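K.L.:
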Amino acid sequence: MNRFASLNRIIAILRKEFIQMTRDRLTFGMMVGIPVMQLLLFGYAINTDARHLPTLVEMGDSGPASRAIIQAMETSEFFDITGIAASPEEADIALRDGTASFVVTIPPNFERDLARGERPQILLDSDGSDPVAAGAGSGAFAGIVQRALEPYLGEMTPPVETVIHRRYNPAGRTALNIVPGLLGTILTLTMAMMTSISLTREAERGTLEALLSTPTEAFEVMIGKITPYVFVGSLQVAIMLAGARFLFGVPFLGSPLAFVIASALFIVVNLALGFLFSTVARSQMQAMQLTMFLFMPSFLLSGFMFPFAAMPQWAQALGQLIPTTHYIRVVRAVMLKGAELPDVWPSIWPMIVMCIVIAVVAIRRYRRTLD
Amino acid sequence: MDGDLVIDVHGLTKSFGDTRVVDDFSIQVPRGAIYGFLGPNGSGKTTTIRLMCGLLKPDGGGGTALGYDIVTQSREIKSRVGYMTQKFSLYGDLTVKENLDFMARLHAVPNQKETVLATLEEYDLEPRAKQLAANLSGGWKQRLALAAATMHKPGLLMLDEPTAGVDPKARRDFWDRIRRLSQQGVTVLVSTHYMDEAVQCDSIAYIAYGKKLIDAPSADIAGIVGLTTWRIEGKGLQPVYDALEHARGVDQIARFGSALHVSGRDEAALERAIAPWRERPEFEVSKAKTGLEEAFIWLMTGAQDNFQ
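Chains as they are written, first to last, in the working numbering: chain Y, 38 to 408; chain H, 234 to 541.
#1: By the DSSP assignment, the beta strand (DSSP E) with Q485/H in it spans what residues?
#2: What does DSSP give as the partner residue(s) for K247/H in the beta ladder?
#3: Distance check for F41/Y and G375/Y, CA to CA, integer angstroms please.
#4: Express the C-alpha separation of F289/Y and I385/Y in angstroms, rounding to a whole number.
#5: So, with DSSP's three-state summary, where would you put L532/H?
#6: Does E430/H come within less than 8 Å of chain Y when only Cβ atoms are used?
#7: Does any C-beta atom of chain Y lie closer than 8 Å to the C-beta of T217/H?
#8: For chain Y, check one thing: does any of its Cβ atoms lie closer than 8 Å to the Cβ of E347/H?
#9: To which residues does DSSP link H494/H through a beta bridge?
#10: Under 8 Å, Cβ to Cβ, is there at least one residue of chain H near I48/Y?
#11: Please report the distance separating the alpha-carbon of K363/H from that of W463/H.
#12: Starting from the beta carbon of Y316/H, find every residue of chain Y whose beta carbon is closer than 7 Å, and list them in chain order.
#13: From the beta carbon of R210/Y, is the nearest beta carbon of chain H less than 8 Å away?
#14: Counting pairs of beta carbons, one from the region 390-401 of chain H and one from the region 322-329 of chain H, are three or more of them closer than 8 Å?
#15: Taking only runs that begin and end inside the region 308-351 of chain H, name each unbroken beta strand (DSSP E) of 3 or more residues, in chain order.
#16: Starting from the Cα of E126/Y, find the closest Cα among E111/Y, L378/Y, T142/Y, T112/Y and give me that residue.
#17: Would you list, in chain order, the members of the region 283-311 of chain H that have their beta-carbon closer than 7 Å to a beta-carbon of chain Y?
#18: By the 10 Å Cβ neighbour count, where 16 or more other Cβ atoms means buried, how is K311/H classified, buried or exposed?
#19: Return no unless some Cβ of chain H is closer than 8 Å to the Cβ of N206/Y.
#20: Identify whether Y205/Y lies in helix, strand or coil by the three-state DSSP scheme.
#21: So which residues on chain H does R60/Y lean against when the C-beta distance must stay under 7 Å?
#22: Quick one: list the residues of chain H neighbouring K53/Y, beta-carbon separation under 8 Å, in chain order.
#23: Assuming contact is defined by CB atoms lying nearer than 8 Å, are L289/H and K247/H in contact in what I supplied?
#24: Does the separation of the CB atoms of A521/H and A480/H fall below 8 Å?
#25: Helix, strand or coil: how does DSSP classify F312/Y here?
#26: Across which residues does DSSP place I143/Y in a beta bridge pair?
#27: So is R46/Y buried or exposed if we call it buried at 16+ other beta carbons inside 10 Å?
#28: Buried or exposed: where does K346/H fall if 16 or more other Cβ atoms within 10 Å of its Cβ makes it buried?
#29: Taking 8 Å as the threshold (beta carbon to beta carbon), is E246/Y in contact with chain H?
#30: Which chain H residues are close to I56/Y, counting only those with a beta carbon under 7 Å from its beta carbon?
#31: Look at the alpha carbon of L219/Y and the alpha carbon of T252/H, and state the distance between them as a whole number of angstroms.
#32: Can you name the residues of chain B whose CB is closer than 7 Å to the CB of T253/Y?
#33: Are the C-beta of S315/Y and some C-beta of chain H separated by less than 8 Å?
#34: At the 8 Å Cβ level, is K444/H part of the contact set with chain Y, yes or no?
#35: Is the CB of A240/Y under 8 Å away from at least one CB in chain H?
#36: What is the residue span of the beta strand (DSSP E) that A449/H lies within?
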């Protein structure tokens with residue numbers, strides 16, 4: 038058989054997949070709907086939580102500068118000033134039982150020390166047990182104070198020292214982590230599931246027998262089956278990126294090229310995994326379960342839910358074997374830290390290795406006979 | 234290799250787990266023949282067909298199909314065999330034409346567009362070209378499947394119970410097409426449960442429990458089995474049935490409409506058993522030609538005995 042025939046066969050399978058995809062509106066709708074829904078759920082839940090958080094004030098001083106700071110905090114929308122704490126003890130209790138997420142303490146003689154240029158301290162205690170919630174306000178605090186005092190002192194070296202004291206979870210995390218994490222887990226779930234299901238469905242419906250009775254090779258089936266979903270995956274990435282940018286203002290600081298390479302690689306890895314699952318699973322149900330088996334560690338061990346560095350050694354070792362871990366690192370670094378391709382290479386090459394290994398195993402396992 | 238044999242396999246054996254599904258199976262099918270595969274459900278017909286077109290690898294034995302080794306050259310065989318599966322195996326969510334386009338590309342059919350259009354016309358599928366395959370009736374599905382299996386002009390057609398669940402008119406139409414293909418030189422191997430279809434085959438292999446019990450021209454089968462058959466007609470046949478069921482010389486007794494067919498291998502003993510009923514005026518007793526059906530029921534009974 039010549040190369041043209043092979044290309045022709047790949048095109049045949051590819052076209053067939055596209056047609057079937059457009060006929061199955063519900064599934065296609067879900068593929069587009071899942072990223073949108075997750076993004077809105079996670080994104081907005083976090084955003085509303087991160088804003089208007091109940092805040093107590095311990096007023097050691099009540100001069101105009103102090104009041105300007107409190108005013109600026111309220112207009113920033115991160116903080117809702119809910120009351121005055123009479124004593125440090127009262128503030129502690131409010132933080133512990135959750136009636137306040139923040140306590141801001143303006144020390145006695147604040148105005149006087151400020152005027153003398155003695156850089157008085159302002160303390161912000163935050164409830165770190167919900168790190169995502171606490172992160173946004175804490176991050177913005179120093180800037181808010183600085184800007185609030187500008188009319189009084191002009192632009193000079195910070196006139197006050199802001200001290201942020203995260204209670205209960207000193208490490209803390211930023212809300213922006215949610216987008217890289219979601220990108221990774223959603224692609225894992227949908228890509229691996231769609232390929233494994235679309236292949237086991239052929240076995241279940243008996244159409245695999247007709248496919249196998251033609252001179253079609255395993256790699257032709259693999260390319261023909263996988264390519265349409267590369268497009269779907271790219272669509273999902275685009276939706277997530279647009280949502281992140283326009284709904285939540287997540288920045289994109291780094292190299293788009295690195296992002297595209299990593300995303301394409303990650304999509305292919307997951308599709309190949311789906312193909313591999315389909316060679317193991319005997320039914321669509323089993324394919325589904327295998328995907329969940331992949332999804333749970335991707336969700337829990339990839340650094341999405343829990344900070345990677347804080348996990349025990351064995352969990353970190355397991356996490357290194359999961360493609361999602363590496364992808365999330367690349368996306369975080371590129372989007373939030375402005376990384377370029379060489380910076381993220383340590384996370385890209387493991388995905389290349391995984392891709393090759395998984396594809397080779399999957400093709401070797403693919404049943405060319407019905408045994 | 235004998236140039237006139239399209240299928241030539243010896244000693245094929247295949248087990249799934251502990252069950253031996255195909256046991257020492259050999260067959261020689263000459264070019265242009267319509268060869269029937271008969272046998273009870275679960276007798277290994279489908280597995281045997283799959284072995285011969287390279288969809289399964291045998292545990293033992295081997296041979297050739299269309300001159301290619303069934304173990305090592307399955308790719309060559311696949312591109313020259315038309316295989317119609319027992320279960321409808323085209324895509325229900327594709328239209329008739331999309332299914333044909335798909336199979337034409339997979340088989341690298343030359344002049345793909347023209348071939349598909351010609352096939353649609355040849356099989357009267359044009360009015361349904363844009364219909365989803367899932368919405369076709371059983372007879373039309375089967376016609377589409379045959380069209381898809383013959384588009385690449387295979388030299389050998391393997392049809393696995395192609396007419397199961399199809400109405401008599403569609404079956405007759407289907408067999409007209411099979412005979413036409415056979416006249417064009419296509420060798421056809423077809424498994425079936427219908428006796429009227431078995432009669433149309435040039436030769437028949439009867440398979441039960443993985444073993445080939447008989448393999449002969451369909452006209453010779455009755456003779457080979459060696460049964461003599463008497464036909465008893467009349468009203469109130471139940472007492473006759475009860476009396477003859479365990480009579481000496483009677484190997485098999487079966488109802489055919491308002492008649493009983495009583496068969497046995499020992500001609501004299503059978504005649505003695507029948508004798509008392511010949512004198513009864515209310516029954517009409519005559520010697521009958523042993524049909525394929527009696528022969529196969531006999532074979533099946535024998536196979537079960539061997540199996541136990």
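Glycine included, C-beta positions come from ideal geometry on N, C-alpha and C. Predicted model only: the values in this text are computed from it and were never measured.
P.N.:
The relevant details are as follows:
#1: Annotation for Q485/H: the continuous beta strand (DSSP E) segment containing it runs 485-489.
#2: Its beta-bridge partners are V255/H.
#3: So the two alpha carbons sit approximately 44 Å from each other.
#4: In a straight line, the C-alpha of I385/Y is about 19 Å away from that of F289/Y.
#5: Collapsing the DSSP output to three states places L532/H in a helix.
#6: So, not an interface residue.
#7: No answer is possible for residue 217/H: it lies beyond the span of chain H, which begins at 234 and ends at 541.
#8: For E347/H, the answer is no, since every Cβ of chain Y falls outside 8 Å of its Cβ.
#9: Bridge partners of H494/H: R464/H, A487/H.
#10: Using a Cβ-Cβ cut-off of 8 Å, I48/Y counts as an interface residue toward chain H, since at least one Cβ of chain H sits closer than that to its own.
#11: Looking at the two C-alpha atoms, the distance is approximately 54 Å.
#12: Neighbours of Y316/H on chain Y, chain order: S250.
#13: The pLDDT assigned to R210/Y is 41, lower than 50, so where the model puts this residue is not dependable, and the model offers no usable value.
#14: Cβ pair count under 8 Å is below three, so no.
#15: Qualifying beta strand (DSSP E) stretches, in chain order: 314-317.
#16: When C-alpha distances from E126/Y are compared across E111/Y, L378/Y, T142/Y, T112/Y, the shortest belongs to T142/Y.
#17: Going along the region 283-311 of chain H in chain order, one finds R283, C286, L288, L289, K290, R308, K311 with a Cβ nearer than 7 Å to chain Y.
#18: Burial state of K311/H is buried, judged by a 10 Å Cβ sphere holding 16 or more other Cβ atoms.
#19: Note that N206/Y has pLDDT 42, beneath the 50 cutoff, so the model's placement of it is unreliable and no number is given.
#20: With a pLDDT of 48 at Y205/Y, under the threshold of 50, the modelled position of this residue cannot be trusted; read the value that follows with caution. Judged by DSSP in its simplified three-state form, Y205/Y adopts coil rather than helix or strand.
#21: Here the neighbours are D326.
#22: Ordered by position in chain H, the residues that pass the 8 Å Cβ test against K53/Y are Y324, L327, E331, F335.
#23: A contact, by the Cβ cut-off of 8 Å.
#24: For A521/H and A480/H, no; Cβs fall outside 8 Å.
#25: For F312/Y, the secondary structure class from DSSP, reduced to helix, strand or coil, is helix.
#26: DSSP, once it has assigned bridges, lists M96/Y as partnering I143/Y.
#27: R46/Y should be labelled buried.
#28: So K346/H counts as exposed.
#29: Any Cβ of chain H closer than 8 Å to the Cβ of E246/Y would place that residue at the interface, and such an atom is present.
#30: L327, E331, listed in chain order.
#31: If you take the alpha carbons of L219/Y and T252/H, they lie about 49 Å apart.
#32: The structure shown contains no chain B; the protein chains it does contain are Y and H.
#33: Answer no: the Cβ-Cβ gap between S315/Y and chain H never drops below 8 Å.
#34: No Cβ of chain Y is located within less than 8 Å of the beta carbon of K444/H.
#35: Not an interface residue.
#36: Under the DSSP assignment, A449/H falls in the beta strand (DSSP E) whose first and last residues are 444-450.
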